[in-house]
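One structure is given here, and the rest of the page talks about it.
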Amino acid sequence: MEPAKQPVIQVMDVDLGYDEHIVLRAVNFTVNKGDIFIVMGVSGCGKSTLLKSLIGLKSPIKGKVLYYARSFWDEDESGRQNILCRFGILYQSGALWSSMTIGENVALPLQLFTSLSFSQIRELVAFKLALVGLSGQEDLFPSGISGGMRKRASLARAIALDPQIIFLDEPSAGLDPVNARKFDDLILELRDGLGATVVVITHELASIFAIGNNGAFLDAESKTIIATGDPRFLLANSTDSRVVRFLTRGVESKESEP
Amino acid sequence: MISEKLVFDYLNPGKLFVKLRGDWRIATGILSINTVTSCLASHPDIVQINLTAAQDLKWDSGLVSFLHQLIRKCESMNIPVDRSGLPETAQRLLALASKAHKGGIAPAKNHETFLERVGVGLLQEYESVRNGFEFLGDVVVSFGRLVIGKLYFRRDDFIFLVRRCGIDTFLLVSLIGFLVGMILAFVASIQLRMFGAQIYISDIVGIAMVRVLSAVMTGIIVSGRIGASFAAELGMMQTNEEIDALRTLGVSPVEFLVIPRVLALFLMMPILTIYADISGVLGGLVISIGMLHLNFAEYLNHTQQAVKVSYIWIGLVHSLAFAVIIAVSGCWHGMKCERSSVGVASATMSAVVTGITGIVIATAVITFICQTLGI
Chain B
280 MEPAKQPVIQ VMDVDLGYDE HIVLRAVNFT VNKGDIFIVM GVSGCGKSTL LKSLIGLKSP
340 IKGKVLYYAR SFWDEDESGR QNILCRFGIL YQSGALWSSM TIGENVALPL QLFTSLSFSQ
400 IRELVAFKLA LVGLSGQEDL FPSGISGGMR KRASLARAIA LDPQIIFLDE PSAGLDPVNA
460 RKFDDLILEL RDGLGATVVV ITHELASIFA IGNNGAFLDA ESKTIIATGD PRFLLANSTD
520 SRVVRFLTRG VESKESEP
Chain D
113 MISEKLVFDY LNPGKLFVKL RGDWRIATGI LSINTVTSCL ASHPDIVQIN LTAAQDLKWD
173 SGLVSFLHQL IRKCESMNIP VDRSGLPETA QRLLALASKA HKGGIAPAKN HETFLERVGV
233 GLLQEYESVR NGFEFLGDVV VSFGRLVIGK LYFRRDDFIF LVRRCGIDTF LLVSLIGFLV
293 GMILAFVASI QLRMFGAQIY ISDIVGIAMV RVLSAVMTGI IVSGRIGASF AAELGMMQTN
353 EEIDALRTLG VSPVEFLVIP RVLALFLMMP ILTIYADISG VLGGLVISIG MLHLNFAEYL
413 NHTQQAVKVS YIWIGLVHSL AFAVIIAVSG CWHGMKCERS SVGVASATMS AVVTGITGIV
473 IATAVITFIC QTLGI
């Protein structure tokens, strides 16, 4: 049923860190088209650092990150901009620009990177907000809406330009279980509708199993990836006690005991 | 009727077949739904629309946005739209958008009249003044607790604040005082030289600086420097819910945050003002000696005679009043800051505006009182 896998992001032997302090080393994984790729791991294992490097905010100490077989950090400024244009990013706290209404927040990428007219942009913004369940709420300011709405508005901004790759940083953090579930469904719908590839940073187990079909497990102690693959497969087959402990909320499986 | 991207087909009576073809991606622009609606208007017998996609259709959310509008429009005209000929993923997105659309809350659009806006503005202004006085009351009550020794704040915080208010501002205040003294001497000399009364420059500089000017100049600098920093700091704390965290701990933020700031400024403002007095007189001296060839000792002697001790007290009263105004307005605007970056910006701005306005008003009041009392 599955067509041949087309790699979208390839991380090759990347070391990440701040100055002399190495956070992650020898990171290798591949994200294929249409994947929902989960980056998981305990707090402080370098998930956010990895995300920063994936979205072009922080260059790796060594190694390559390839998007559609183009090495991001070897491109010049315009090449990078070209790659960045295909990203949609949902930041952990929303990161909506607080001086603009949520409608204007969604409209800004469209104003900057398309030649659409004012009314066309308005229609498109209305549509994107409708997709995330916020239709008719264009004129609200980010400070005046709930955390869940802020996440949705931020997602609408992330998908404003029909990105090919969507990065989600802790999408369900701060949401109640019902809304977190709805948000997961929304992510699946959008992935299917837009044909995008999704990279999710999270440690919400429910989300991990609900949406992920591929993933990487970061470990804080060895500072590298200790497992990759479908989270459900990892749960069933991993023999690494750290992975199993994480995926079962601390209940260790019998096989991994000495 | 054929356009580049839309093909209309009226073969079946009552049904309109719309074929979508070509490049519909956002980069090529979005078609207006008017082409379709005008076609509906010219064929009033149409009771259903069937959408189909051609083989060469290239699309992204630009197309879906167009269809979303079209379907909403048709629904309002009671014309059903058959979407089964569309790509499956597009159908999904449309379903998602319209599902959410039904659940969405209609926006509360309110167009206020001019009078309403004025009224709301006035009420807000009234509320804000009331809040200001309430806050001032809070500060006074907390001061009472400070006096009876029931108030807790961290000593390190206080020492840091004193340093920031005093030592870090000292150079700037000295410089401005010196320059104002020079300017005063220079302007006064233009007139006084005509009468050969240059020596009275020392009186003018001394009295003006000591009585009011150095306090006002210091106040304005401190308002811009310290008042603004108080507002931005407390505003950011309010945004981060740090102030709520204090409240839930049972610590009054006024006691823990505001009182040390007011106290620090209350201590340092008089000292800064005295420094400004001295540097102002020095500035006058430099001009008098350098340009008007007055005698050093003579100038100082004259200044000493002109400036009474009571003038120094008046200057200090000014500076103490300003300290309270600046610190309270900075803290007040910071604490009622809205939780956004714009909120912090407007809190900082309001703090400086309120501070400087307060300084000018206080100067007028104190001057009037001094005049009435004859000092």
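In order, the protein sequence lines correspond to chains B and D.
According to this note's numbering, the first sequence is numbered sequentially starting from 280.
According to this note's numbering, the second sequence is numbered sequentially starting from 113.
We put the beta carbon where it would ideally sit given N, CA and C, even for glycine.
Between which two residues does the alpha helix (DSSP H) containing threonine 101 of chain D stretch? Here chain D comprises residues numbered 113 to 487, so residue 101 of chain D is not present and cannot be evaluated.
Decide if isoleucine 260 of chain D is buried, meaning its Cβ has at least 16 other Cβ atoms within 10 Å, or exposed. Burial call: exposed.
Touch test, the stretch 134-141 of chain D against the stretch 167-176 of chain D, Cβ-Cβ under 8 Å, three pairs minimum: These segments touch.
Return no unless some Cβ of chain D is closer than 8 Å to the Cβ of alanine 437 of chain B. Output row for alanine 437 of chain B: interface = no.
So, serine 431 of chain D versus threonine 330 of chain D, is the Cβ gap smaller than 8 Å? Yes. Within cutoff.
For chain D, is any of its Cβ atoms less than 8 Å away from the one on phenylalanine 406 of chain B? When Cβ-Cβ separations below 8 Å define contact, phenylalanine 406 of chain B makes contact with chain D.
Comparing alpha-carbon positions, which option in D/Leu206, D/Ala309, D/Lys185, D/Ala340 lies nearest alanine 457 of chain D? A check of alpha carbon separations from alanine 457 of chain D across D/Leu206, D/Ala309, D/Lys185, D/Ala340 identifies D/Ala340 as the nearest.
Is there a C-beta anywhere in chain B that falls below 8 Å from the one on isoleucine 217 of chain D? Per-residue confidence for isoleucine 217 of chain D stands at a pLDDT of 47, beneath the threshold of 50, marking its modelled position as unreliable; the derived number appears in the next sentence. Taking CB atoms only, isoleucine 217 of chain D has a neighbour in chain B less than 8 Å away.
Could you give the residue range of the alpha helix (DSSP H) that holds isoleucine 480 of chain B? Premise fails: isoleucine 480 of chain B lies in the beta strand (DSSP E), 476-480, not in any alpha helix (DSSP H).
Where the stretch 473-505 of chain B meets chain D: residues whose CB sits under 9 Å from a CB there: Hits within the stretch, in order: Leu473, Gly474.
With 8 Å set as the bound, which would you pick, yes or no: does the beta-carbon of threonine 309 of chain B sit closer than that to a beta-carbon of chain D? Judged by the 8 Å Cβ criterion, threonine 309 of chain B is not in contact with chain D.
Mind checking which residues open and close the alpha helix (DSSP H) that includes leucine 234 of chain D? 226-259 is the span of the alpha helix (DSSP H), which, as asked, contains leucine 234 of chain D.
List in chain order: all unbroken alpha helix (DSSP H) runs of 4+ residues lying wholly within the stretch 326-361 of chain B. Taking only runs of at least 4 residues, the alpha helix (DSSP H) segments lying wholly in the stretch 326-361 of chain B are 326-333.
Cysteine 324 of chain B and aspartate 509 of chain B - do their beta-carbons sit closer together than 8 Å? No, these two residues do not count as a Cβ contact at 8 Å.
Identify every run of the alpha helix (DSSP H) within the stretch 330-389 of chain D, keeping only runs that are complete inside it and at least 4 residues long; order them along the chain. Runs of the alpha helix (DSSP H) inside the stretch 330-389 of chain D: 340-351, 354-360.
Is serine 433 of chain B helix, strand or coil by DSSP? Of the three classes helix, strand and coil, the one that applies to serine 433 of chain B here is helix, per DSSP.
In this structure, how does DSSP classify leucine 198 of chain D when only helix, strand and coil are distinguished? Coil at leucine 198 of chain D, not helix or strand.
Phenylalanine 420 of chain B, DSSP secondary structure in three states: The answer is coil: DSSP assigns phenylalanine 420 of chain B none of H, G, I, E or B.
Note down, in chain order, all residues in the stretch 343-368 of chain B with a beta-carbon under 8 Å from any beta-carbon belonging to chain D. Going along the stretch 343-368 of chain B in chain order, one finds no residue with a Cβ nearer than 8 Å to chain D.
Closer than 7 Å between beta carbons: that is the criterion. Which residues of the stretch 439-470 of chain B meet it against chain D? Listed in sequence order: Asp441, Glu468.
Output, in sequence order along the chain, the residues in the stretch 154-185 of chain D whose CB is closer than 9 Å to any CB in chain B. Contact annotation: in the stretch 154-185 of chain D, residues whose CB is within less than 9 Å of a CB in chain B are Asp172, Ser173, Gly174, Val176, Ser177, Phe178, His180, Gln181.
Closer than 6 Å by C-beta to leucine 526 of chain B: which residues in its own chain qualify, once you throw out the five before and the five after it? Chain order, please. Excluding sequence neighbours, leucine 526 of chain B sits near Leu514.
Apart from the five residues on each side of it in sequence, which residues of its chain come closer than 7 Å, Cβ to Cβ, to threonine 475 of chain D? Result list for threonine 475 of chain D: Val324, Val328, His430, in chain order.
Going by DSSP, what residues sit across from lysine 262 of chain D in a beta bridge? DSSP output for lysine 262 of chain D lists no bridge partner at all.
Specify the secondary structure class of isoleucine 191 of chain D as computed by DSSP and reduced to three states. Per DSSP, reduced to three states, the secondary structure at isoleucine 191 of chain D is coil, with no helix or strand assignment.
Cβ-based contacts, 9 Å cut-off: residues of the stretch 434-464 of chain D near chain B: If the cut-off is 9 Å between Cβ atoms, the stretch 434-464 of chain D has Glu450, Arg451, Ser452, Ser453, Val454, Gly455, Ala457 near chain B.
Starting from the beta carbon of serine 338 of chain B, find every residue of chain D whose beta carbon is closer than 8 Å, and list them in chain order. Chain-order list of chain D residues neighbouring serine 338 of chain B: empty, with the shortest C-beta distance near 27 Å, by a criterion of under 8 Å.
For the beta strand (DSSP E) that contains glycine 367 of chain B, what are its first and last residues? First-last of the beta strand (DSSP E) with glycine 367 of chain B: 366-369.
When the cut-off is 8 Å and only beta carbons count, does glycine 141 of chain D lie next to chain B? Glycine 141 of chain D counts as touching chain B.
Distance between leucine 283 of chain D and histidine 405 of chain D (C-alpha atoms, nearest Å): For the pair histidine 405 of chain D and leucine 283 of chain D, the Cα-to-Cα distance works out to about 28 Å.
Beta-ladder partner(s) of tyrosine 423 of chain D, from DSSP: Within the DSSP bridge table, the entry for tyrosine 423 of chain D names no partner.
For a test of the three-state rule: what should DSSP assign to isoleucine 114 of chain D, helix, strand or coil? Confidence is the limiting factor: at isoleucine 114 of chain D the pLDDT is only 46, short of 50, which leaves the residue's position unreliable, though a coordinate-based value still follows. In this structure, isoleucine 114 of chain D counts as strand in the three-state DSSP scheme.
8 Å contact criterion, which alanine 459 of chain B and serine 486 of chain B should meet: CB distance rounded: The Cβ separation is near 7 Å, so the contact holds.
Where the alpha helix (DSSP H) containing arginine 511 of chain B begins and where it ends: 510-516 is the extent of the alpha helix (DSSP H) around arginine 511 of chain B.
Kindly say whether serine 372 of chain B, judged by its beta-carbon, lies nearer than 8 Å to any beta-carbon of chain D. Taking CB atoms only, serine 372 of chain B has no neighbour in chain D less than 8 Å away.
Considering Cα atoms alone, identify which of D/Glu237, D/Ile383, D/Leu412 is closest to leucine 397 of chain D. With distances taken between Cα atoms, leucine 397 of chain D lies closest to D/Leu412.
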